[in-house]
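Please read the structure below before turning to the comments.
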Amino acid sequence: MVGAVAALSEYDGLGVAVHGSSGCWFYPSSLLRVDLGCTDLSSEDAVLGTEARARATVETMLHRHRAVALVNTCIPGIAGEDLAGALADLPVTVVDAPGFLGGVWAGHACAIAALCPVVDEEGVGVGIDGLSPLDPFARGNLYECERLLRIAGASPAVRYAGGPVESLSQAAPVSVVANPAFAAGPGERAGDLLGLDAVLATFERLSDRDDRIDVATVEAECAAADERCIRACDKYLLSHDPPRAALFGEGAYIAAAARLLDRYLGAECLVLGYRDAAPPGVRWETARADDLGSVEEILNRAEPDLILGSSFEQRLRPGAAFVPVAPPIRGRWRLAAVPFVGVEGVLATVEAVLNACAEARKL
Amino acid sequence: MSLNPSLSNTPRSDGCTLAGALSVASAVADGVTIVHGPSGCSHHHVSLLLTALLDRPGARLPVLLSDDLGETEVIFGGEDALDEALDEAATHSPGSIAVLSTCVAEAIGDDCAAVAERVRSVPVVVVPAGGFLGGGFYEGERAALGAYAALSARLPAPDLDEGPVVALVGEKNLEYEADSHAAELGRLLGRLDLEIGLRFVRETPTALFGLLPKADLLVLREPGLGTLADRFPVRPRTPHIRGFPVGLTATLAFLLNAGRALGLDATAACEAEAAHQDAVLARFGGLSGSRISLPAASRWAVEVADALGMTVHPSGLPVPVPDPAPVGTAGIARLLARWGRLL
């Protein structure tokens, strides 16, 4: 449900309401800080039906929004009312995303699918997929994707998720992917932008598809960024050993981060603890790490001196250098739009790792 | 067409019933908590709990398990998943296990209590915490306190030194100042040669809950806990103090009430505390004559301002008045330090 609410709340012109209890509303509301409606279901509603409550909530929200997405939580999901039929006279999209269907990634995909994007095969521009406000790098990723597309001569188009909701009715035929864990849009995917090699490969595919897209500028940026990372890391390695790292987060992100650590610092990547799905094709040990017990066991076994992950991992091994790459990230201010993808994403990640390692060694 | 057009009376800003129950269960020092529901329910609250814990250096990370109910369990029932989670919880050798049910568990009708009955090696408390049942955070918190109170009646009373047992009830475990409040109450009770015998429930091992039925005085965190405490398995006519003391006069009254409840003469304790309050106020004598504004309904803050010779007027400088209000004389001293920085 939270994944769905997060995705939907990114679209301008669309109000979002949680069809569930106030408790279900509280977490996404406090996390996302958006105008989020709620039908405030009680046990009586579960027994007697929720249509009237849903209708009243949607009608109230239509005073502020052109259309409303109503997100089903567990209780209406179990009750199985046909709300889409019952509210057919209103501009409302019912999104079935109860928590028991899966994690935030499943909810995000449900939301995008429910909005029924229509691909315009003749459309110009390149879409940006894999954007969710639950990703701590989403805003930075968006800016970096847009920047790279523009310097290559392409026009950034539809977003999954974000932008005007009307943009979904004429969606670009091809997209680049920011965070693959949240890739949910239709049409062709040119590839992701996780690491400099991926950036180049993706832009070459876009260029093959449309000869107005020029890879040369992106290529020059990648080469310069590579050089900067090599120089900075060489200096670090003059006086420090390579870190022994454990990485936790979404599979694609941590695999990309492990490749950076390996290339620039010769780091020993002890384990990649994934939350969503195992990263394919990596040579490091992987393990599912979606509960504190397994994370603690992994950390005790690996004994890393560098952790890329969430505040959970930081909490469990406070002595290690820490770089936040996965939610929840607590106890620090994050205001700037820092990317994880693209050229700037590589630079930002390497910079964060070097600073964290250097700080930890000072303590 | 729905037959139920009524508006919900659930205060939306309260948060989920499950969060309230979890704030209590996770504060049992040797407890393991199972959230019987989808993993999302557990994640939401663990994430919020972690935020609170990050502010407390060295705070213990509680053991929380989710039995991760999915579509299959929704259709075929989640009792087997709970059964497995109980087995896993038992491997942690806890003092007790809390099973917190969620909306899904309540809607599909899992009989959590029957599943929990199977566990003999360790006490299990079952707390209905489905958010759609029409409550918020406080209902969940109270349901959990009630469940642990019921458990206390089944536990042997620990052997402790003779002397009255004073129990703090319902400390707000997510409150940043919770331990400072308890320390202040400990200091005040010390004036009567008393100690806090039981913190119910905050960082207390399960075995000590057996003290609750022997309690001689219950000090409730807030008056709203009174109805719940009336149903605790304590001796008839066990006295309650219905709220931590807020304000100068209320702090002295706390000492008087505690003394009266336990048959102690609190005159000397009150005199000593009043002298201490005078000394505290003297430290902030520089605030005298300042013109401040205070939110309505904070009579205790007006009392403090009056005692310092400050002028309270809507046109005065707004000063912070925390919610929850500061406890005891120490709380007032910290508040005055904050006012002093502004004025």
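Those protein sequences? They're chains U and S, same order as listed.
Each residue of the first sequence is one higher than the one before, counting from 1 in our numbering.
Each residue of the second sequence is one higher than the one before, counting from 1001 in our numbering.
Ideal Cβ positions, reconstructed from N, Cα and C, are used throughout, including at glycine.
What does residue i touch in chain B if you count any residue whose Cβ is under 7 Å from its own?
i          : result
Ser1047(S) : Protein chains in the displayed structure are U and S, and chain B is not among them.
Using a 10 Å radius around the Cβ and a threshold of 16 neighbouring Cβ atoms, would you call residue i buried or exposed?
i          : result
Phe1076(S) : exposed
Cys116(U)  : exposed
Ala17(U)   : buried
Arg330(U)  : buried
Ile230(U)  : exposed
Pro1005(S) : Note on Pro1005(S): pLDDT 37, under 50, position unreliable in the model; the coordinate value appears next. So Pro1005(S) ends up on the exposed side.
Asn300(U)  : exposed
Thr1072(S) : exposed
Asp234(U)  : exposed
Glu1271(S) : exposed
Pro1011(S) : Low per-residue confidence applies at Pro1011(S): pLDDT is 45, beneath 50, and the placement is therefore not dependable, though the value from the model is reported in the following sentence. Exposed: under 16 other Cβ atoms inside 10 Å.
Asn355(U)  : exposed
Leu1007(S) : With a pLDDT of only 43 at Leu1007(S), under 50, the local geometry of the prediction cannot be trusted, and the value read off the model is given with reservation. Exposed, because fewer than 16 other Cβ atoms sit within 10 Å of the Cβ of Leu1007(S).
Gly80(U)   : exposed
Gly1224(S) : exposed
Val323(U)  : buried
Ile1332(S) : buried
Ala138(U)  : buried
Ala336(U)  : exposed
Asp208(U)  : exposed
Arg1221(S) : buried
Asp305(U)  : buried
Going by alpha carbons, who is nearest to residue i out of the options?
i          : options                                        : result
Ala56(U)   : Asn72(U), Pro76(U), Leu87(U)                   : Leu87(U)
Trp333(U)  : Pro136(U), Asp120(U), Ala114(U), Asp35(U)      : Pro136(U)
Arg1142(S) : Arg1118(S), Ala1183(S), Phe1232(S)             : Phe1232(S)
Ala1149(S) : Cys1112(S), Gly1186(S), Leu1208(S), Phe1137(S) : Leu1208(S)
Pro1314(S) : Ser1293(S), Ala1305(S), Val1327(S), Ala1333(S) : Ser1293(S)
Trp105(U)  : Glu44(U), Glu250(U), Leu261(U), Glu122(U)      : Glu250(U)
Ile254(U)  : Gly273(U), His240(U), Ala267(U)                : Gly273(U)
Leu1212(S) : Ala1266(S), Ser1121(S), Thr1311(S), Leu1198(S) : Leu1198(S)
Gly293(U)  : Ala1085(S), Ser1298(S), Ser1180(S), Gly1146(S) : Ala1085(S)
Ala1178(S) : Arg1291(S), Arg1202(S), Arg1191(S)             : Arg1202(S)
Ile307(U)  : Cys357(U), Pro280(U), Phe340(U)                : Cys357(U)
Arg380(U)  : Ala252(U), Asp262(U), Leu238(U)                : Here chain U covers residues 1 to 363 and nothing more, so residue 380(U) does not appear.
Ala1268(S) : Phe1200(S), Asp1083(S), Leu1343(S), Leu1256(S) : Leu1256(S)
Tyr264(U)  : Arg64(U), Ala171(U), Leu347(U)                 : Leu347(U)
Thr39(U)   : Thr60(U), Phe340(U), Gln170(U)                 : Thr60(U)
Ala246(U)  : Ala252(U), Ala154(U), Ala267(U)                : Ala267(U)
Leu1048(S) : Ala109(U), Phe312(U), Pro91(U), Asp226(U)      : Phe312(U)
Val1219(S) : Ala1182(S), Thr1249(S), Pro1236(S)             : Ala1182(S)
Ser239(U)  : Leu8(U), Arg361(U), Ala225(U), Val92(U)        : Arg361(U)
Val174(U)  : Glu166(U), Val165(U), Ala154(U)                : Ala154(U)
For residue i versus residue j, is the C-beta distance shorter than 8 Å?
i          : j          : result
Phe182(U)  : Gly99(U)   : no
Val1166(S) : Leu1189(S) : yes
Ala256(U)  : Gly195(U)  : yes
Val23(U)   : Gly1131(S) : Note that residue 23(U) is Gly in the sequence shown here, rather than Val. Yes, the pair counts as a contact, with Cβ atoms nearer than the cut-off.
Thr1033(S) : Ala1098(S) : yes
Phe26(U)   : Gly1015(S) : yes
Gly85(U)   : Ala97(U)   : no
Gly191(U)  : Ala198(U)  : yes
Pro1123(S) : Ser1101(S) : no
Val176(U)  : Val126(U)  : yes
His19(U)   : Val71(U)   : yes
Gly15(U)   : Asp45(U)   : no
Ala258(U)  : Val282(U)  : yes
Leu1217(S) : Pro1295(S) : no
Leu1133(S) : Ser43(U)   : yes
Ala1253(S) : Thr1238(S) : no
Thr217(U)  : Ala157(U)  : no
**Message:** If we require 3 or more residues per run, which beta strand (DSSP E) segments fall completely within the segment 1220-1295 of chain S?
**Reply:** 1240-1242, 1291-1293
**Message:** Measuring CB atoms only, is the segment 1154-1165 of chain S touching the segment 1049-1069 of chain S, in the sense that at least three cross pairs come out at less than 8 Å?
**Reply:** no
**Prompt:** Should the segment 156-172 of chain U be called in touch with the segment 120-134 of chain U, which here means at least 3 C-beta pairs below 8 Å?
**Reply:** yes
**Asked** Are three or more beta carbon pairs between the segment 1107-1117 of chain S and the segment 1038-1055 of chain S nearer than 8 Å?
**Response** no
**Message:** Across the segment 1299-1310 of chain S and the segment 1325-1340 of chain S, are there enough close Cβ pairs to call them in contact, namely three or more that are closer than 8 Å?
**Reply:** yes
**Continuous beta strand (DSSP E) assignments of at least 3 residues falling wholly in the segment 1188-1222 of chain S** = 1196-1200, 1217-1220
**Message:** Could you tell me which whole alpha helix (DSSP H) segments of length 4 or greater appear in the segment 117-164 of chain U?
**Reply:** 138-151
**Request:** Determine contact between the segment 1307-1326 of chain S and the segment 1279-1297 of chain S, defined as no fewer than three beta-carbon pairs at a distance below 8 Å.
**Result:** yes
**Item:** Every unbroken alpha helix (DSSP H) within the segment 1073-1105 of chain S, with a cutoff of 4 residues, ordered by chain
**Value:** 1079-1090
**Item:** Segments assigned beta strand (DSSP E), at least 3 residues, entirely inside the segment 182-258 of chain U
**Value:** 188-192, 244-249
**Message:** In chain order, what are the residue ranges of uninterrupted alpha helix (DSSP H) at least 4 long that sit wholly in the segment 1120-1200 of chain S?
**Reply:** 1137-1152, 1178-1190
**Item:** Uninterrupted beta strand (DSSP E) stretches inside the segment 268-344 of chain U (no shorter than 3 residues)
**Value:** 268-274, 286-288, 306-309, 321-324
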